[in-house]
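A.B. asks: Below are the structure tokens for one structure; questions will follow.
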Amino acid sequence: MARSWERMVQKNSKQLNKKRKEQGLTSISSSKSVMSGDIFKGRKILLPFTLVVLAVFYGLLGTIAEQVTAVEQKSAIPQWLIIGLYVLLGVIIFMRRPYLRVDKESLYTTRMNREARVGAINIKKISVKSGSVVIEQLKGRNWVFSRLINRYNTEAMGESLEKFAATHKIPFEK
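Sequential numbering of the sequence shown, starting at 546, is according to my numbering.
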């Protein structure tokens, strides 16, 4: 189906389901959400671990410096606040999972805290190597998904991207 037709069907089914919900009836068709397609989630481990280690190091450094110099700080609250914020930032980064979403016409991921999209026409080549997937774009930086850094399932990603590349006649390198 053409994309405009799909959007029209989604819009109409959404309106119809809304009316049926108001009448107390069940929905007749589940309209596909915008977030369809294969989603491959990873997990950031290295950066959160580094932040927590820095927080511990900063805490130890502060307490050792206080004991060695025998000079009391006016207030230890800023030091412990900074340590707590480092740990909180590490937890937040750990909980936010990076992902790659493969749709019919495009690929999505998060870049700089925003969802980034690249259409099939803007992809130069897709390379799958052991432990990493590289999506080369015509304009912009390459997208690199690594098993080592972000714990992606690169084998499953490679299979899905191979189908995507075959559908859109994008060079695929294994």
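Yeah, the Cβ is synthetic: ideal placement off N, Cα and C, and Gly gets one too.
None of the values given here were measured: they were computed from a predicted structure.
Check the C-beta distance from A710 over to I671 and give it rounded, since I have them as a contact under 8 Å.
C.D. replies: As a position in the sequence shown, residue 710 is number 165, starting the count at 1. As a position in the sequence shown, residue 671 is number 126, starting the count at 1. A710 to I671, Cβ: 5 Å. Contact.
A.B. asks: With the cut-off set at 8 Å, would you say F717 and L645 are in Cβ contact?
C.D. replies: As a position in the sequence shown, residue 717 is number 172, starting the count at 1. As a position in the sequence shown, residue 645 is number 100, starting the count at 1. Taking 8 Å as the Cβ cut-off, F717 and L645 do not qualify as a contacting pair.
A.B. asks: What is the DSSP secondary structure of A600, reduced to helix, strand or coil?
C.D. replies: Taking the sequence shown and counting its residues from 1, one reaches residue 600 at position 55. Reduced to three states, the DSSP call for A600 is helix.
A.B. asks: In or out: V678 buried (at least 16 other Cβ within 10 Å) or exposed?
C.D. replies: In the sequence shown, the residue the question calls residue 678 occupies position 133. Buried.
A.B. asks: Does the pairing of the region 582-602 with the region 698-705 give three or more beta-carbon distances under 8 Å?
C.D. replies: Yes, the region 582-602 is in contact with the region 698-705.
A.B. asks: With A661 as the anchor, note down where its beta strand (DSSP E) starts and where it stops.
C.D. replies: Position 116 of the sequence shown, counted from the start, is the residue given in the question as residue 661. Element bounds for A661: 659-664.
A.B. asks: Taking the alpha carbon of E650 as the point to measure from, which residue in L626, K714, V636 has its own alpha carbon closest?
C.D. replies: Indexing the sequence shown from 1 puts residue 650 at position 105. Ranking the options by Cα distance to E650, first place goes to K714.
A.B. asks: Going by other Cβ atoms of all chains shown within 10 Å of its Cβ, with 16 needed for buried, is S633 buried or exposed?
C.D. replies: Position 88 of the sequence shown, counted from the start, is the residue given in the question as residue 633. Strictly speaking, residue 633 in this sequence is Leu, with Ser absent from that position. L633 is exposed by the Cβ-count criterion.
A.B. asks: Indicate whether I638 and P593 have their beta-carbon atoms separated by less than 8 Å.
C.D. replies: Taking the sequence shown and counting its residues from 1, the one referred to as residue 638 is at position 93. Taking the sequence shown and counting its residues from 1, the one referred to as residue 593 is at position 48. Result yes, Cβ atoms of I638 and P593 sit closer than 8 Å.
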